[in-house]
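Student:
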Ligand code: NA
Ligand code: NA
Ligand code: NA
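Residue numbers (our numbering), protein chains in the order written: chain F, 35 to 110; chain Z, 35 to 110; chain P, 35 to 110; chain R, 8 to 382; chain L, 8 to 382; chain Y, 8 to 382.
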């Protein structure tokens with residue numbers, strides 16, 4: 035095997051190594067990034083749903099009373 | 035005050051002067067131009083309305099007679 | 035007549051000759067090409083109509099019988 | 008104070024030469040013709056504006072380092088006219104010509120306007136002060152091709168100094184076709200001839216439209232390679248359109264690309280309208296010769312159609328011969344209009360499109376001859 | 008093994024300089040401002056990306072042979088900013104200004120921001136480490152014009168080394184106009200002044216809109232040819248749009264052409280954001296001076312409007328004076344918004360468009376003065 | 008008479024060399040493949056046409072001064088392939104890959120086709136008459152990347168003489184993917200494996216799609232700057248699209264700009280199809296090696312998927328490994344089609360888009376390695 039071939043084999047090894055290493059690191063960073071982003075997004079959604087939960091309970095009570103009255107009236 | 039500053043002040047004066055002079059002349063020319071254009075346009079419109087007026091009066095008479103007849107017929 | 039004029043005349047003759055020759059050859063090749071293309075296309079259409087003809091005659095017989103029956107029924 | 012003097016010495020008023028002022032007026036005249044008279048506005052507006060810009064003193068917009076100078080490299084290299092030709096090719100439908108190929112002869116005959124003008128330019132050299140070289144004469148003659156990008160391409164190769172005047176003349180006369188052609192057409196035809204109705208054109212298949220540009224290119228490569236840049240780019244555009252599978256490219260060639268190049272080409276042509284180059288008797292000569300070129304081309308097209316009628320069974324309305332000068336699609340419309348005047352049921356438009364596009368090929372071929380014999 | 012070492016020595020990690028890393032952060036900051044904060048994203052996104060690309064070690068994307076190097080020739084020749092200016096011209100409606108021409112004075116007054124900044128830059132030279140030449144000072148001053156292509160054009164001619172910082176400052180402050188201007192506008196006007204209702208603008212005829220760009224060009228050619236490239240290309244675009252008969256060209260200039268050039272120009276400007284050029288006290292000076300320029304321009308516009316109110320019968324709401332800095336159309340919108348706060352029935356938008364486009368002309372004129380006195 | 012001889016000596020017939028005639032036939036063959044067989048027509052039509060134009064004798068359309076020569080500078084500088092890559096980036100949706108990032112490994116494995124071909128090219132040197140240098144071998148190997156602009160970019164840097172053959176091979180084999188891949192895919196998988204259904208991909212948020220191109224760019228800058236021009240322009244296009252606020256620029260990059268550059272690039276590549284460069288045994292070698300590269304890449308992708316299945320809980324259908332060669336989106340469609348044959352309810356298209364776009368990144372990385380080790 036001549037010198038060029040051995041250079042070629044070396045390039046092959048180094049090259050495939052680099053490609054795999056690069057894409058492996060990309061997988062890692064993508065996974066980390068996705069988790070962070072999803073964490074933030076779910077936090078945001080939680081905040082929004084928290085906002086929903088903070089509706090004054092008395093309002094809910096009033097509404098349910100009203101609904102109750104209405105139903106009774108309807109039934110009578 | 036060094037020499038550069040005095041050059042700077044001179045540029046400032048000349049510069050603002052030029053800007054004002056230029057835009058002032060633009061105002062003058064725009065006003066003149068607008069007046070000329072509007073004059074021509076109103077002349078055109080006059081000509082057109084003149085054209086409208088030159089419709090043969092007998093035609094208008096005929097039309098109004100026809101309309102009159104039609105209305106009477108309709109009313110009867 | 036100076037030399038330049040005679041060159042000009044020669045260019046005119048050669049030039050118009052070339053233009054006519056070129057476009058004449060284009061006419062010939064276009065005619066040949068169109069004939070070949072139309073021949074191929076009509077062959078294709080023939081093949082297609084041949085395909086139409088190869089519909090099983092018994093099917094056609096069955097259809098016409100059906101149509102006949104239907105008409106008689108309608109008339110009665 | 009010194010600054011004010013510097014500023015005053017840098018005004019246009021201080022530096023205007025009479026020639027520049029005059030050329031700016033020419034520029035405004037072109038804008039007027041483009042905007043008010045509708046003379047080929049897509050080109051004459053940028054050309055006129057380019058003329059104005061390049062004649063502003065001090066600014067040097069057309070000189071080395073100015074934007075018009077850089078844009079001009081697109082003409083000097085031939086790239087701009089060829090790209091426009093590609094776009095025009097993509098917009099061209101060879102259908103009517105393929106349905107009636109013998110109309111190609113009409114497109115050939117009308118090119119006599121080119122070569123007659125070549126002689127005319129040389130003959131004009133007897134006028135004192137005029138001194139057209141053979142190259143100049145050939146560049147002027149191509150105005151008779153009635154095809155903008157071809158004229159600009161040839162002029163930029165043979166006589167760049169005359170480019171401005173030649174381009175202006177070419178586009179102006181193309182816009183004037185409805186005025187120049189009708190009297191000639193009427194003079195050379197009888198009322199009966201103008202009434203001739205032509206047989207309905209057959210439908211041309213897609214296959215023929217795909218093969219034609221390739222065939223034209225082969226013929227050009229075999230016989231007249233010097234016209235191959237023009238014919239080749241034209242055929243490329245036409246093939247992109249007719250093959251139907253690279254619609255993205257064809258649409259871009261017909262729209263955004265040709266629009267961008269048109270703006271640049273127009274401005275760059277305008278930058279050649281300098282006082283030194285334009286304010287000469289030569290320019291008057293060019294304008295006169297251009298009118299003659301269009302007239303002779305029109306006449307030859309009509310006469311050719313009459314000759315062909317003698318030898319052919321299927322009748323040809325000689326009016327469509329006038330469309331052979333190209334000036335697409337204006338000349339075809341003129342033929343249609345004059346035809347309708349004599350016979351209100353005779354629609355010649357599609358019949359005239361045949362010689363019309365043939366004229367484009369014809370003038371590209373003539374350009375190749377000129378470039379190879381004179382260039 | 009040798010290959011692995013070669014490869015390691017060719018990694019960015021091995022070769023990163025601190026300056027490059029910092030400049031890449033600046034690039035990401037610009038992307039953040041563009042994408043998340045909506046700061047002039049059409050330009051700051053490509054500029055930021057160009058900054059990142061050109062600071063990647065080894066890759067040499069901004070060095071000779073790299074794509075950003077080639078794209079930069081479009082700036083060096085002035086072609087890119089001028090083409091963008093043409094597109095902006097085609098998008099500009101001079102109607103409101105023509106209906107009320109005296110608003111041109113507001114566009115003039117606001118240019119004082121430019122010249123005050125010029126003095127400011129020279130004065131800053133007392134700070135040790137700062138050493139602005141007259142050309143540098145003029146290039147920085149033009150930030151006060153609040154007009155991107157004008158700033159890039161002038162900076163590329165007078166101080167290419169500062170181009171990156173100047174362009175970034177110009178576009179950033181244009182995006183910050185809704186933060187910078189309102190306090191100044193409120194401070195300089197009384198509640199009653201902000202409530203002033205202006206008379207309805209008259210309709211402007213198409214003919215006036217066609218003639219105006221030509222008139223502006225003539226005036227520019229006569230008085231200040233050094234601003235003719237900028238004003239000329241702007242007028243060309245405006246004429247293509249207002250004349251209505253070259254709609255294809257006008258549409259292309261406003262869309263595809265300006266988009267393509269914007270991508271290229273942004274990347275090329277970004278390639279000038281190198282550590283050596285950007286990481287200097289000068290840059291801080293430029294950022295500070297830019298803010299001052301915008302503030303002074305805004306103030307002068309407002310004050311000018313108040314002065315004009317003393318001498319004029321028809322009232323002018325001084326808020327529209329702030330729109331004279333240009334920053335089209337952001338500054339006009341700001342004037343409208345502040346006006347509505349004081350008087351919910353007072354729509355100033357169209358009135359503010361007059362000084363707004365006048366400011367574009369004003370800064371192009373100022374650019375011409377600077378180029379002719381300092382260049 | 009002399010003129011007629013001049014003209015005859017200037018015909019193509021007089022000057023045609025056998026090589027030119029043969030290359031024109033190759034050009035027509037490419038047009039036939041593009042138009043009739045639908046082989047990547049957007050590129051093979053301009054390439055074929057460019058081959059014809061540049062082999063017309065005398066015309067010199069591809070020589071210095073000809074239009075194709077000027078267009079070629081866009082390749083020599085790397086600008087054209089990079090702009091196309093930007094447009095491709097703007098068209099690419101990284102969603103499926105972000106939903107299942109481990110498919111990036113499939114895109115990595117398939118690049119073995121590149122490096123195996125590099126060795127193959129060097130091994131072929133035992134054939135008498137073949138003499139590939141290391142640069143030649145690397146340029147040929149990149150065909151295995153199954154990505155047109157990457158192949159053209161690398162070939163223009165490492166072996167411009169082979170550019171024509173390499174580009175033609177790359178695009179032809181991309182068009183032949185539906186013929187080359189299926190037998191290999193079937194041979195390496197069992198019916199059960201082909202029936203594997205994959206779990207539904209999760210929705211990917213817009214934020215992830217914005218951050219990903221920036222993250223990829225950073226990683227590339229840190230580790231492999233030599234691939235930064237390719238990866239960078241790709242990421243720029245992708246960011247312009249995914250950020251959603253510069254839609255004008257993104258649309259232009261995906262349409263008009265990429266169309267214009269595609270026409271120019273195709274013609275310029277075609278101009279490298281000259282007899283001297285193409286009619287050599289080398290070309291046969293390149294065509295053979297290209298087929299091997301695609302086959303090995305396909306096989307490695309499939310095998311990698313099978314290996315990953317051993318170590319992973321969530322099943323991967325090995326067919327989508329074949330899409331790792333890129334050849335977007337053809338290879339993904341092929342995987343989908345073969346999958347449907349075995350299991351008519353199994354839609355693999357979106358799953359295959361992951362490795363498909365990963366393959367684009369993979370080959371850009373491989374290109375960077377080759378440029379940095381061999382260039
Ligand atoms: Na013609
Ligand atoms: Na301004
Ligand atoms: Na790939």
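Yeah, the Cβ is synthetic: ideal placement off N, Cα and C, and Gly gets one too.
Values in this document were obtained by computation on a predicted structure and should not be read as measured data.
#1: Do residue 120 (chain Y) and residue 303 (chain Y) have their C-beta atoms within less than 8 angstroms of each other?
#2: Suppose contacts are defined by Cβ-Cβ distances below 8 angstroms. Is residue 362 (chain Y) in contact with residue 113 (chain Y) by that definition?
#3: Using 8 angstroms as the limit for Cβ to Cβ distance, is residue 259 (chain Y) near chain L?
#4: Taking only three categories from DSSP, how would you classify residue 257 (chain R)?
#5: Counting Cβ pairs closer than 8 angstroms, one from the region 59-69 of chain R and one from the region 199-215 of chain R, do we hit at least three?
#6: At a threshold of 7 angstroms, does residue 154 (chain Y) count as lining ligand 3 (C-beta to nearest heavy atom)?
#7: To the nearest whole angstrom, what separates the beta carbons of residue 248 (chain Y) and residue 234 (chain Y), a pair I think is in contact under 8 angstroms?
#8: Among the candidates R:290, R:96, R:306, R:311, whose CA atom is the shortest distance from the CA of residue 111 (chain R)?
#9: Enumerate in chain order the residues of its own chain whose CB-to-CB distance from residue 469 (chain Y) is below 7 angstroms, with the five nearest sequence positions on each side excluded.
#10: In terms of residues, what are the limits of the alpha helix (DSSP H) holding residue 348 (chain L)?
#11: Give, in chain order, every residue of the region 38-64 of chain P whose Cβ lies closer than 7 angstroms to some Cβ of chain Y.
#12: By Cβ distance, which residues of its chain are closer than 7 angstroms to residue 206 (chain L), with the 5 residues on each side in sequence left out?
#13: Please name the residue, chosen from L:380, L:357, L:48, L:173, that lies closest to residue 210 (chain L) on a Cα-to-Cα basis.
#14: Measuring only between beta-carbons, confirm whether residue 249 (chain L) sits less than 8 angstroms from chain Z.
#15: Spatial neighbours of residue 215 (chain R) within its chain, please: CB distance less than 6 angstroms, with the 5 preceding and 5 following residues excluded, ordered by chain position.
#16: Under 8 angstroms, CB to CB, which of the residues in the region 15-49 of chain Y have a partner in chain R?
#17: Please report whether the beta-carbon of residue 68 (chain P) lies at a distance below 8 angstroms from any beta-carbon of chain R.
#18: For residue 212 (chain Y), which residues in chain F fall below 9 angstroms Cβ to Cβ?
#19: Say the cut is 7 angstroms; is the CB of residue 361 (chain Y) nearer than that to a heavy atom of ligand 3?
#20: Using a Cβ-Cβ cutoff of less than 6 angstroms, which residues in the same chain neighbour residue 108 (chain Z) once the five nearest sequence positions on both sides are dropped?
#21: Three or more C-beta pairs under 8 angstroms: does that hold for the region 364-378 of chain L against the region 48-60 of chain Z?
#22: Between residue 38 (chain Z) and residue 226 (chain L), how many whole angstroms is the CB-CB distance? I'm expecting something under 8 angstroms.
#23: Can you find at least 3 beta carbon pairs, one from the region 87-95 of chain L and one from the region 237-248 of chain L, that sit closer than 8 angstroms?
#24: Closest Cβ-Cβ distance between residue 244 (chain L) and chain Y: below 8 angstroms?
#25: I want to check one thing, is the minimum distance from the CB of residue 308 (chain R) to the heavy atoms of ligand 1 below 7 angstroms?
#26: Closest Cβ-Cβ distance between residue 196 (chain L) and chain R: below 8 angstroms?
#27: Tell me which residues share the same chain as residue 286 (chain L) and place their Cβ nearer than 6 angstroms to its Cβ, disregarding the 5 neighbours each side in the sequence.
#28: With 8 angstroms set as the bound, which would you pick, yes or no: does the beta-carbon of residue 380 (chain Y) sit closer than that to a beta-carbon of chain L?
#29: Within this structure, are the beta carbons of residue 263 (chain L) and residue 263 (chain Y) separated by less than 8 angstroms?
#30: Expressed to the nearest angstrom, what Euclidean distance is found between the alpha-carbon atoms of residue 15 (chain Y) and residue 146 (chain R)?
#31: Using the beta-carbon count (16 or more within 10 Å), is residue 86 (chain F) buried or exposed?
#32: So which residues of chain Z does residue 372 (chain L) contact, with C-beta pairs closer than 8 angstroms?
#33: Tell me which residues share the same chain as residue 165 (chain L) and place their Cβ nearer than 8 angstroms to its Cβ, disregarding the 5 neighbours each side in the sequence.
#34: What does a CB cutoff of less than 8 angstroms around residue 21 (chain R) pick up in its chain, not counting 5 residues either side in sequence?
#35: Within 8 angstroms of any Cβ in chain P, is that where the Cβ of residue 68 (chain Y) sits?
#36: Is the beta carbon of residue 82 (chain R) sitting closer than 8 angstroms to the one on residue 276 (chain R)?
Tutor: To lay it out plainly:
#1: yes
#2: yes
#3: yes
#4: helix
#5: no
#6: yes
#7: Wrong, their Cβ atoms sit about 21 angstroms apart, outside the cutoff.
#8: R:311
#9: Any answer about residue 469 (chain Y) is impossible in this case: the structure gives chain Y only from 8 up to 382.
#10: 337-349
#11: 44, 45, 48, 52
#12: 321
#13: L:357
#14: no
#15: 105
#16: 17, 18, 19, 20, 22, 23, 31, 35, 38, 41, 42, 45, 48, 49
#17: yes
#18: 68, 71, 72, 75
#19: no
#20: At residue 108 (chain Z), the pLDDT of 47 sits below 50, so the modelled position is not reliable and the matter cannot be decided from this model.
#21: yes
#22: Their Cβ separation, rounded to whole angstroms, is 32 angstroms, which puts residue 38 (chain Z) and residue 226 (chain L) out of contact at 8 angstroms.
#23: yes
#24: no
#25: no
#26: no
#27: 26
#28: yes
#29: yes
#30: 22 angstroms
#31: The pLDDT assigned to residue 86 (chain F) is 47, lower than 50, so where the model puts this residue is not dependable, and the model offers no usable value.
#32: 52, 53, 56, 57
#33: 142, 143, 145, 146, 377, 378, 381, 382
#34: 15
#35: no
#36: yes
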